[in-house]
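A quick write-up on the structure given underneath.
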Amino acid sequence: MSIAPQKNAAPNVPQSSGIHLGDADPQSRLDFGDGFIRRHIGPSDGEITSMLESLGFSTLEDLTDATVPADIRLESELDIPDPRGEHEFLSALKMIAEKNKVYRSCIGMGYTGTVTPPVILRNVLENPGWYTQYTPYQAEIAQGRLEALLNFQTMIAELTALPLAGASLLDEATAAAEAMGMCVSIAAHKKIGFWASDDCHPQTLALLETRAEGLGVDLKVGPISEIDFDHGQGGLCGLLVQYPTTDGRINDYRELTAKAKQHGTLVVAAADILALTMLMPPGEWGADVCIGSAQRFGVPMGLGGPHAAFISTHEKYARKLPGRIIGVSKDSHGNRALRMAMQTREQHIRRDKATSNICTAQALLAIINSFYGVYHGPDGLRQIAQRTQGFASALVKGLDRLGHTTLDDGPVFDTLRIRLGKGRVHAARQVADAARERHINLREYADGTLGVTLDETADRALVADLLAAFNFGHYTGFDIDDLLAEADADGMSDFGAMRRTSEFMTQEVFNVYHSETELLRYIFKLMGRDLSLAHSMIPLGSCTMKLNGTSEMIPVTWPEFSQMHPFAPDTQWRGYTHMFRQLERWLCEVTGFSAVSLQPNSGAQGEYTGLLVIRAYHEHQARQEGRENVRTVCLIPTSAHGTNPASAVMAGMKVVGIKCNQRGDIDVDDLKAKATEHAEHLSALMITYPSTHGVFESTIREVCAIIHDNGGQVYMDGANMNAQVGLTSPGRIGADVCHLNLHKTFCIPHGGGGPGMGPIGVAEQLVPFLPGHPVERPDTAGEFAIGPVSAAPYGSPSILMISYVYIALMGSAGLKKATQVAILNANYMADRLKNDYDVLYTDKNGRVAHEFILDCRPFEKSSGIKIDDIAKRLMDYGFHGPTMSWPVPGTLMIEPTESESKAELDRFCDAMISIRKEIAAIEKGEMDREDNPLKHSPHTVDAIGSDDWPHGYSRSQAAWPTEWLRDAKFWPTVGRIDNTYGDRHLVCTCPSVEESEAAG
């Protein structure tokens, strides 16, 4: 359970840490801290006053009183310390970082050291042009990242020898769980048995158990040698193997896959991406699905994340594949263009029938992986693999000289499991301690064996130090080059029948950008095709595309945070521990809850986790009362996020919809009726607050009371926390659990569709059920902890730093002001636009929360203009379109955030007003219903510069409809994309050399 810090305590350290920032004059300290708040909040105080006056208010408090129901307002300020200056705080944070001890981790288990090429580190990971992009739903202004993700898919398809790959999943363990669900779906739920080999990574097996329970899958973990294809109702729908195994064995699964096919069982391979450059790929030995982590392709370990997982399969399973897929289509000019393919698979369309609840992927990390592959190319990747394998083989030879043996006498790739020599079988601790004295971490097994995994950072010195550790602290004097030669002479790099003989990554993109100059230009070429927050506001409702402050981002790539293995001893990551505890306290204060779990590594994972905790609570209550748990009904308003019903189904719940009234609020009468009808079986209500329609519902406390009176728990979706922080809280409102989208309210960048984090806060009665982990138990794991929901104990810890710094630099007053200005900005924009567009939902005072919905449905009848036309036309004005057709079809949802200045708000409003005038011209017959700037938007530079201009409107009106565009113009690189063509002609990889030559 988390305890709030003392009022006005230093935000950077707990009182007992012994780290001091030094004395400062109180007034100068206040000025320093206030400086970051002024830079984070876009409008100046004068602009705030002006906007308030335009709405008829004198102060932000007056606006708050008129917008937020009085009965849910906080009675006191947040107990979060006053802010400090950015430089001052980062200096103190560096001292905390130094509490982390970066050892060379040879633990393995799916996490390895890697070298992020500096050209990628500086120009992608640390570049806001890449990390502030939004999910590429508007493909015409996302062609750069779509190409990078297509490269990722192609690289994965080539390495795994399976033709269809996704654009990333959350981590290896959840990817395995997604593959299990995919197998059940392909079997049409007629087979519910699933076998997982016991030599998979332990975190993967534990997460499979968590997921299987909710999905109703009969999971068996056991040796593959004992596999029973008749296990479970209908038999096995699938089986999972690790390749190589968690302890490094390279098994030949060809006979197994042949038997599986005879029984109609799908084979899922969890593969090491680097090993596949040397080993026969799973697609060639019969696997139907391949999953794994791409972390070792240039993404630091970061104590567990964020990292991109991968998944690939056969094309016939395309509609069962979870996550996003980038596909090739064509634009309105017939040119090649990229887009997200088959979006009807996504949860926002299919809701409780969705393939999965995945929302945030790991796009930014997959992009880094793809550039890593482009930079090194197939030959470079082979060299890295061969070097790693060579050092592992040399280590085997050295261990043999010392009298130790590996448990498998076959060839190794990078991982060994070692049994100490005769008379030394009980000395594993001595060896591990000797290794730690040399700043090396080993994997320690319960049976006294030790594991060693090498990676691309391995060198002769590391091998020598490892041999010294296995010589009980004494250097051996072995010549490492002699050991390398000995291993080579014995053919230890020859994997025999399992050796890869097929070529891979022969596409041009992987074979031309190997100099830093060329890769740098390629990175910036692609970046120039993408609109990001570096260009203009991204006004997507419910997505909170706010400033990701540079000071928040800087610590992410500090080695003390980025180079930590998630299963290193916790004594080595005391700096992380400090940050976790402080962040948990602050999030408890913000939410009004008793405890927080930081493990869920996306918002959708947070939803799922919160529901699992509720389910575990009800099951515990049922056991206490000596009955079977029957509380499985989840009530969800029809306006809810699409991930909500999908998450509920994954958690083993039955979804029952609740109506909304004409104001967009929950229909309280319908809620009462449904809650009463299902009282015996009621598990939870899922709500979003403010509502998905962008309004503070005045009945929210009554809604929560109805659920509690009928024995249920209230789950709050944290998507709209940007309108709550400092003004109200889920706990104050009456919720029992809430996930927090740290990539929204708390400033983690969207990264083109991920990373994200979705911690959950819970009320006291749910604390005992917070997630655990089989390798490293989180401090917040409860007495009756559910299983893990992410591969790493703390999800994606390295980006938690961003939210930690944000809260520390804002302090209580800054957080509250940010919320109030977010509400002000939304109301100001709604007021400016109300004469040209109908604002669909407001409260009884005519106010909105931090976002609002414009009703564009009448335009289709009056002018033939649809919301797609408006969104594409906004690209000509240099803006990303708002959220389209959600939660109401034919509407646009706009959220400005607190970070946009009044000038930017006005610029966007001016664009929308200008577009409305263009629609009016069509309505009046002054422009043709088909040949007009909206229907042919966006306009590319090629179209504007063409000798042929077939339109009845001018080039100037098409490209420069407002004067500001003459100063700065973002050019979409493709015209409007044909989505239908792309789905009917599904192509999800880069063209081969032959295809490129044929196309000219």
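The opening residue of the sequence shown carries number 1 in full-length UniProt numbering; numbering runs sequentially from there.
No residue lacks a Cβ here, since even glycine has one placed at the ideal position from N, Cα and C.
Terminal residues of the alpha helix (DSSP H) in which residue i lies
i       : result
Thr-517 : 516-527
Val-590 : 574-591
Ser-393 : 363-401
Met-155 : 143-160
Thr-745 : Premise fails: Thr-745 is in no alpha helix (DSSP H) and is neither H nor E.
Thr-64  : 60-67
Ser-551 : 550-553
Residue i - DSSP class collapsed to helix/strand/coil
i       : result
Val-888 : coil
Leu-612 : helix
Asp-82  : coil
Glu-444 : strand
Asn-100 : strand
Tyr-715 : strand
Lys-330 : strand
Val-789 : coil
Leu-276 : helix
Val-463 : helix
Gln-27  : A caution first: Gln-27 carries a pLDDT of 43, below 50, which makes its placement in the model too unreliable to give a value.
Asp-455 : coil
Thr-406 : strand
Ala-604 : helix
Asp-530 : strand
Val-974 : coil
Met-109 : coil
Ser-812 : helix
Ile-733 : helix
Expected contact under 8 Å - CB spacing of residue i and residue j to nearest Å
i       : j       : result
Gly-144 : Thr-360 : Not confirmed; about 20 Å, so no contact.
Asp-408 : Arg-631 : Rounded, the Cβ-Cβ distance is 48 Å, inconsistent with contact.
Leu-740 : Gly-753 : Contact flag wrong, Cβ pair sits at about 19 Å.
Ala-648 : Cys-660 : Not confirmed; about 18 Å, so no contact.
Phe-391 : Val-452 : 10 Å between Cβ atoms; not a contact.
Asn-629 : Ile-636 : In fact, because the Cβ distance is near 20 Å, the residues do not count as touching under 8 Å.
Thr-745 : Thr-544 : 6 Å
Gly-286 : Arg-254 : 6 Å
Beta carbon proximity, residue i to chain C, threshold 8 Å
i       : result
Thr-940 : Absent from the structure is chain C; it holds one protein chain and no more.
Spatial neighbours of residue i in its chain, beta-carbon cut-off 6 Å, leaving aside the 5 residues before and after
i       : result
Gly-782 : Val-767, Pro-768, Phe-769 and Leu-770
Pro-887 : Ser-639 and Thr-692
Ala-187 : Cys-237
Asp-876 : Ser-937, Pro-938 and His-939
Thr-699 : Val-668
First through last residue of the beta strand (DSSP E) which encompasses residue i
i       : result
Tyr-243 : 236-243
His-739 : 737-739
Ala-309 : 309-313
Ile-666 : Ile-666 -> no beta strand (DSSP E), and no H or E assigned at all.
Val-725 : No beta strand (DSSP E) contains Val-725, which DSSP labels as neither H nor E.
Cys-660 : Note, Cys-660: premise wrong, no beta strand (DSSP E); not H, not E.
Ile-760 : 760-762
Cys-290 : 289-293
Ser-597 : 595-597
Ala-337 : 336-340
Nonlocal neighbours in the same chain, by C-beta distance under 7 Å from residue i, ignoring five residues either side
i       : result
Gln-242 : Ser-197, Asp-199, Cys-200, His-201 and Ala-270
Asp-824 : Checking the displayed sequence, the identity of residue 824 turns out to be Leu instead of Asp. Cβ neighbours of Leu-824 beyond the five flanking positions: Ile-48, Met-51, Leu-52, Leu-60 and Leu-63.
Thr-245 : Asp-199 and Asn-251
Ala-679 : Asn-710 and Gly-711
Ser-44  : none
Ser-992 : Thr-506 and Gln-507
Thr-676 : Asn-710
8 Å CB neighbourhood of residue i in its chain, flanking five on each side removed
i       : result
Pro-788 : Ala-173, Gln-203, Ala-206, Leu-207, Thr-210, Gln-599, Pro-771, Gly-772, His-773 and Pro-774
Leu-169 : Ala-175, Glu-178, Ile-291, Ala-308, Ala-309, Phe-310, Ile-311, Pro-322, Gly-323, Ile-358, Ala-361 and Gln-362
Thr-557 : Leu-121, Leu-125, Glu-126 and Pro-300
Ala-534 : Pro-128, Gly-129 and Thr-132
Report task. List in chain order: all unbroken alpha helix (DSSP H) runs of 4+ residues lying wholly within the region 191-264. Result -> 202-215 and 254-262
Requested in this report: Write down every uninterrupted run of the beta strand (DSSP E) in the UniProt domain "Glycine dehydrogenase C-terminal" (818-939) whose length is 3 residues or greater and which is fully enclosed by it, in chain order.
Outcome: 852-855 and 891-894
**Report entry** Segments assigned beta strand (DSSP E), at least 3 residues, entirely inside the region 623-653
**Finding:** If only uninterrupted beta strand (DSSP E) runs of at least 3 residues are considered, those enclosed by the region 623-653 are 633-637.
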